[in-house]
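Colleague:
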Amino acid sequence: MSRQYHVAIVGATGAVGVEMLDVLERRKFPVSKLTLLASPRSAGRTLKFRGEDVPVQALGPDSFAGVEIALFSAGGGISKEYAPLAVKAGAVVIDNSSAFRMDDDVPLVVPEINGADVKNHGGIIANPNCTTAITLMGLYPLHKKFRVKRVFATSYQAVSGAGAQALEELRAQVSAIEAGAKPEVKVFAHQIAFNVIPQVDVFVDNGYTKEEMKMQGEGRRIMHLPMLRASVTCVRVPVYRAHSIAVSAEFERPVNVAEARQAIEAFPGVRVVDVPAEKKYPMPLHVAGKDDCEVGRLRLDCAMDNGLAFWVCGDQLLKGAALNAVQIAELV
Ligand SMILES: NC(=O)c1ccc[n+]([C@@H]2O[C@H](COP(=O)([O-])OP(=O)(O)OC[C@H]3O[C@@H](n4cnc5c(N)ncnc54)[C@H](OP(=O)(O)O)[C@@H]3O)[C@@H](O)[C@H]2O)c1
Numbered sequence: 006m007s008r009q010y011h012v013a014i015v016g017a018t019g020a021v022g023v024e025m026l027d028v029l030e031r032r033k034f035p036v037s038k039l040t041l042l043a044s045p046r047s048a049g050r051t052l053k054f055r056g057e058d059v060p061v062q063a064l065g066p067d068s069f070a071g072v073e074i075a076l077f078s079a080g081g082g083i084s085k086e087y088a089p090l091a092v093k094a095g096a097v098v099i100d101n102s103s104a105f106r107m108d109d110d111v112p113l114v115v116p117e118i119n120g121a122d123v124k125n126h127g128g129i130i131a132n133p134n135c136t137t138a139i140t141l142m143g144l145y146p147l148h149k150k151f152r153v154k155r156v157f158a159t160s161y162q163a164v165s166g167a168g169a170q171a172l173e174e175l176r177a178q179v180s181a182i183e184a185g186a187k188p189e190v191k192v193f194a195h196q197i198a199f200n201v202i203p204q205v206d207v208f209v210d211n212g213y214t215k216e217e218m219k220m221q222g223e224g225r226r227i228m229h230l231p232m233l234r235a236s237v238t239c240v241r242v243p244v245y246r247a248h249s250i251a252v253s254a255e256f257e258r259p260v261n262v263a264e265a266r267q268a269i270e271a272f273p274g275v276r277v278v279d280v281p282a283e284k285k286y287p288m289p290l291h292v293a294g295k296d297d298c299e300v301g302r303l304r305l306d307c308a309m310d311n312g313l314a315f316w317v318c319g320d321q322l323l324k325g326a327a328l329n330a331v332q333i334a335e336l337v
């Protein structure tokens, strides 16, 4: 029998955590034992894995005895505090938060792009920002062909990207408004139902948000392109699940749409959906729940030389989080 692993999920009850359980099961990851960890609020709950009820335990310093692979998805603060403890207990940590993504000694990995970086880990491997990961699934095959120089992008980010409570907030606001009541605003800075909010994460000194600067910072690390420049506007939209990004990218080499399309089609984990005459293009409703990202609206960018414009959609709970984390675990 092949080797089986004791796997822990920290943040198992969250929007990403429950997807991790599903992806582990769906991809038949060799799990010998599954430890589910969350806040004390969830202790005693159970979650289904391979048809069995697995109890959720409150996370504590002693939670990692015997754990070999720990998937962290409970926010940066929890990762900073507990990931080193998990490593000390002998686990390899795959972290979904932004806590370690820019650390030189922590590989930041999208398996299809820089899977080989996994071998440089010293106990922790970081999973990229969801908008960055989905954008790169469209951009990287084009970069390999034409060498990308800079990127302009706008994101249309689903509420579930901000967690289970944010998902609930959109549902509750839609119901309240339909019932003629005042919608309650808790998670987002403004009402998200029937609105778009041009702010994801906090603002930094240059006027961008942290989320927007991740595309450049993380893109540089993942694609090994220290000179990449990216100007991004991240927008929260009232979509439950799956992010979309409109991208204009400038390349060193002359570009053409036919070769661009071939490059994307030949790349694993991404599909071309691009028949404008039949109104076929990627949409969040269509990629929600799917492993592959989709690229469409591929065209020569009319505002720059050697530029391509495209639209990419991906399920941020999967390729932007749970799926990518489990793919990293498979590499480990
Ligand atoms: N959502 C996405 O699309 C996405 C994509 C990429 C990365 N991420 C990152 O993944 C992480 C989780 O995101 P999420 O969207 O799944 O959030 P979420 O739905 O709010 O879930 C948070 C999880 O963390 C647990 N938790 C909170 N406080 C805790 C504590 N003190 N001790 C132990 N566990 C605690 C929660 O447990 P309880 O249920 O008990 O409160 C829950 O399981 C974040 O770092 C986020 O930035 C999210």
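Numbered according to the numbering used here, the sequence shown spans residues 6 to 337. All C-beta atoms, glycine included, are put in the ideal place defined by N, C-alpha and C.
Report yes if the C-beta of Ser249 is less than 8 angstroms from at least one heavy atom of ligand 1; otherwise report no.
Modeller: no
Colleague: So, using beta-carbon positions, are Gln162 and Thr136 closer together than 9 angstroms?
Modeller: yes
Colleague: Mind checking which residues open and close the alpha helix (DSSP H) that includes Lys93?
Modeller: Gly81 to Lys93
Colleague: Please identify the residue among Met142, His11 and Trp316 whose C-alpha is closest to the C-alpha of Met228.
Modeller: Met142
Colleague: Pick helix, strand or coil for Ala13, following the three-state DSSP scheme.
Modeller: strand
Colleague: Can you list, in chain order, the residues of its chain with a C-beta nearer than 7 angstroms to that of Val59? Leave out the 5 residues immediately preceding and following it.
Modeller: Leu39, Leu41, Thr51 and Leu52
Colleague: Answer with yes or no whether the minimum CB distance from Leu233 to chain D is below 9 angstroms.
Modeller: Absent here is chain D; the protein component of the structure consists of one chain.
Colleague: List the endpoints of the continuous alpha helix (DSSP H) containing Gln62.
Modeller: Here Gln62 belongs to no alpha helix (DSSP H); instead the beta strand (DSSP E) covers Glu57 to Ala63.
Colleague: Return helix, strand or coil for Ala254, following the three-state DSSP convention.
Modeller: strand
Colleague: Taking 8 angstroms as the cut-off, is the beta-carbon of Ala326 closer than that to any non-hydrogen atom of ligand 1?
Modeller: It does: the Cβ of Ala326 is within 8 angstroms (strictly closer) of some heavy atom of ligand 1.
Colleague: For Gly325, name the three-state secondary structure that DSSP assigns.
Modeller: helix
Colleague: How would you call Ala334, buried or exposed, if buried means at least 16 neighbouring beta carbons within 10 angstroms?
Modeller: buried
Colleague: Determine the direct distance from the alpha carbon of Val23 to that of Gly124, and round the result to whole angstroms.
Modeller: Before going further, note that residue 124 is Lys rather than Gly in the sequence given. Their backbone Cα atoms lie some 27 angstroms apart in a straight line.
Colleague: Does the Cβ of Cys239 lie closer than 8 angstroms to at least one heavy atom of ligand 1?
Modeller: no
Colleague: Taking only the alpha-carbon atoms, compute the straight-line gap between Gly185 and Ala263 and give it to the nearest angstrom.
Modeller: 51 angstroms
Colleague: For Gln332, which residues of its own chain have a beta-carbon under 7 angstroms away from its beta-carbon, when the five flanking residues on both sides are left out?
Modeller: Pro116
Colleague: Within 10 angstroms of its Cβ, does Pro146 collect 16 or more other Cβ (buried), or is it exposed?
Modeller: buried
Colleague: Mind checking whether the beta-carbon of Asn134 lies closer than 8 angstroms to any heavy atom of ligand 1?
Modeller: yes
Colleague: Do Phe77 and Ala88 have their C-beta atoms closer together than 9 angstroms?
Modeller: yes
Colleague: So does Thr18 have its beta carbon nearer than 8 angstroms to some heavy atom of ligand 1?
Modeller: yes
Colleague: Got a sec, what are the start and stop residues for the beta strand (DSSP E) Cys318 sits in?
Modeller: First-last of the beta strand (DSSP E) with Cys318: Gly312 to Gly319.
Colleague: Among the residues of its own chain, which have a CB less than 6 angstroms from the CB of Ile14, if the five just before and after it don't count?
Modeller: Gly22, Met25, Leu41 and Leu76
Colleague: Count the other CB atoms, across all protein chains shown, that sit within 10 Å of the CB of Met220; report buried if there are 16 or more and exposed otherwise.
Modeller: The residue is buried, with at least 16 neighbouring Cβ atoms inside 10 Å.
Colleague: Of the choices Leu29, Ala20, Ala171 and Thr18, whose alpha-carbon is the least far from that of Gln9?
Modeller: For Gln9, the nearest C-alpha among the options comes from Leu29.
Colleague: Taking the beta strand (DSSP E) that Ile99 belongs to, which residues open and close that run?
Modeller: Element bounds for Ile99: Val97 to Asp100.
Colleague: Where are the alpha helix (DSSP H) runs, 4 residues long or more, that stay fully inside the region 131-159, in chain order?
Modeller: 135-151
Colleague: Helix, strand or coil for Ser47? Go by DSSP, reduced to three states.
Modeller: helix
Colleague: How close, in whole Å, do the beta carbons of Val205 and Gln170 come, if the pair is a contact with beta carbons under 8 angstroms?
Modeller: Not really, about 16 angstroms apart at Cβ, beyond 8 angstroms.
Colleague: Does the region 99-117 touch the region 307-319, meaning 3 or more C-beta pairs lie closer than 8 angstroms?
Modeller: no
Colleague: Short of 8 angstroms in beta carbon distance, which residues of its chain neighbour Lys295, apart from the five on each side in sequence? Order them along the chain.
Modeller: Excluding residues up to 5 positions away in sequence, Asp320 and Leu323 lie with their Cβ nearer than 8 angstroms to the Cβ of Lys295 in the same chain.
Colleague: Let's test the definition: count the other Cβ atoms within 10 Å of the Cβ of Asn200 and tell me whether it reaches 16, buried, or not, exposed.
Modeller: exposed
Colleague: Let me know if His195 comes out buried or exposed under the rule of 16 or more other beta-carbons within 10 Å of its beta-carbon.
Modeller: exposed
Colleague: Please tell me whether, using a cut-off of 8 angstroms, the distance from the CB of Arg46 to the nearest non-hydrogen atom of ligand 1 is below it.
Modeller: Yes.
Colleague: So does Val15 have its beta carbon nearer than 8 angstroms to some heavy atom of ligand 1?
Modeller: Val15 Cβ: within cutoff of ligand 1.
Colleague: Which residue marks the beginning of the beta strand (DSSP E) containing Ala75, and which one marks its end?
Modeller: Ile74 to Phe77
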